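For what it's worth, our numbering labels the leading residue of the sequence shown as 56, then goes sequentially. All C-beta atoms in this analysis are idealised placements derived from N, C-alpha and C, irrespective of residue type, glycine included. What you are looking at is a predicted structure, and each value in this text was computed from that prediction instead of being measured. Here is the structure we will look at.
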Amino acid sequence: MRYHISHTTQYRYQQPVKLGAHTVRLRPRSDGSQHLQQFAIAVLPEPDKRSEILDLEGNVCLRLWFPEVEITDLKIHTEATVETSRDNPFNYLSEPWAVTAPMDYPRAIATHLAPYLQPALATTFNPSVVELAQTLLHEVQGHVGFFLSRLTQTIYEEFQYFHRPEGEPQPTGITLQQKSGSCRDFAVLFMEACQAVGLAVRFVSGYQEGDAEQDSRELHAWPEVYLPGGGWRGFDPTHGLAVSDRHIALAAAAHPQNASPVSGQLQPGYFGQSTLEYEIQIQRSALATD
């Protein structure tokens with residue numbers, strides 16, 4: 056698949072404010088399942104300085120520093136063309152020792168995966184999430200692949216999605232108790248359930264193709280699980296499927312805030328409110344054939 060993505064983000068401030076440093080994670084990544092063909096970004100007001108960096112978790116980020124002037128709007132516009140290639144999300148063979156859970160990663164791997172084995176929003180696991188994970192794992196007799204599919208389908212079929220464009224993911228206990236949440240709430244619940252049975256998992260922000268008949272799209276979030284033999288593999292509990300070539304990843308991290316599309320600071324002394332407006336358009340085009 057080839058996608059052209061146009062994304063405008065605009066923050067409006069109730070009172071004039073000076074901007075501190077900002078980090079933008081809106082550049083689609085290039086890896087084994089997607090290739091970035093073109094990318095451009097425009098920022099208003101124009102930053103004093105900008106620097107493209109590779110963060111600790113391998114995401115390409117843009118750091119921005121702004122002039123010492125008061126503004127009432129911050130606008131970021133990106134255009135990207137991305138080619139996705141993973142039409143089969145199960146095109147791998149797991150290592151023989153990694154077929155069943157609880158997962159016991161070898162020490163050399165476990166050291167690197169340590170940040171992805173701990174809950175993202177709390178210091179301990181929620182007992183109800185642990186119970187859910189153990190119940191599903193028992194139902195599939197410990198099979199990792201079946202567990203991931205069952206967990207994906209359980210959230211998709213038994214939980215109610217609601218649109219919540221702003222804010223941090225809610226605690227997993229609330230999502231589980233209310234059986235409702237946004238895509239990032241479902242992603243974090245999925246993550247903690249996986250971690251409860253020893254699976255390393257991370258949070259991904261990006262786009263999903265969505266309904267071609269709709270003009271506008273939303274940012275999306277889903278988890279990726281590290282499967283020895285398969286690497287990082289995505290699952291989308293909001294849509295009830297394994298991630299293939301209809302998802303476009305922007306950034307991934309152990310903690311959701313480190314995959315946020317835009318993060319930054321306002322200089323001290325601002326106590327007004329702000330609003331977020333955005334517009335995302337995704338167009339799919341056919342790939343050229345010989």
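Spatial distance of residue i from residue j (CA atoms)
i      : j      : result
Arg82  : Val115 : 7 Å
Leu331 : Tyr262 : 18 Å
Lys234 : Ala251 : 19 Å
Gly197 : Asp128 : 52 Å
Glu123 : Ser329 : 19 Å
Ile131 : Ala314 : 17 Å
Pro316 : Ala308 : 12 Å
Ile60  : Lys73  : 30 Å
Ile108 : Glu194 : 44 Å
Asn181 : Gln93  : 42 Å
Asp300 : Tyr281 : 18 Å
Thr179 : Glu125 : 42 Å
Asp345 : Leu172 : Per-residue confidence for Asp345 stands at a pLDDT of 46, beneath the threshold of 50, marking its modelled position as unreliable; the derived number appears in the next sentence. Each residue's Cα considered, the two are about 45 Å apart.
Leu203 : Asp103 : 46 Å
Arg239 : His167 : 24 Å
Simplified DSSP state of residue i, which is helix, strand or coil
i      : result
Gly261 : strand
Val243 : helix
Gln65  : strand
Glu332 : strand
Phe94  : strand
Ser88  : coil
Leu203 : helix
Glu107 : strand
Gly253 : coil
Leu81  : coil
Ala248 : helix
Gln70  : strand
Gly225 : The question names Gly, yet the displayed sequence has Gln at residue 225. In the structure shown, Gln225 sits in coil (DSSP, three-state: anything other than H, G, I, E or B).
Rounded Cβ spacing between residue i and residue j (contact assumed at less than 8 Å)
i      : j      : result
Leu176 : Pro220 : Contact doesn't hold; Cβ gap of about 19 Å is too wide.
Ile337 : Glu264 : 6 Å
Gly52  : Ser149 : Only positions 56 to 345 of the chain appear in this structure, which leaves residue 52 out of reach.
Asp110 : Gly253 : Not confirmed; about 26 Å, so no contact.
His294 : Tyr211 : 7 Å
Leu119 : Val154 : The Cβ separation is near 45 Å, so there is no contact.
Phe346 : Pro278 : No answer is possible for residue 346: the residues shown for the chain start at 56 and end at 345.
Tyr184 : Leu231 : In the sequence under discussion, the amino acid at residue 184 is Val, which differs from the Tyr named in the question. So it is a contact: roughly 6 Å between Cβ atoms.
Ala276 : Ser260 : 5 Å
Ile164 : Thr133 : So it is not a contact: roughly 35 Å between Cβ atoms.
Gly228 : Gln69  : The Cβ separation is near 33 Å, so there is no contact.
Leu99  : Ala135 : Rounded, the Cβ-Cβ distance is 18 Å, inconsistent with contact.
Discussion item. At 4 residues or longer, what runs of the alpha helix (DSSP H) sit wholly inside the stretch 121-200?
Written reply: Scanning the stretch 121-200 for uninterrupted alpha helix (DSSP H) segments of 4 residues or longer gives 162-168 and 182-194, listed from N- to C-terminal end.
Worksheet item: Of all the beta strand (DSSP E) runs that stay within the bounds of the stretch 273-330, which reach a length of 3 or more residues?
Response: Complete beta strand (DSSP E) runs here, min 3: 274-282, 286-291, 302-308 and 317-321.
Worksheet entry | Sufficient close CB pairs (3 or more, under 8 Å) joining the stretch 281-288 to the stretch 143-163 | They touch, by the three-pair rule.
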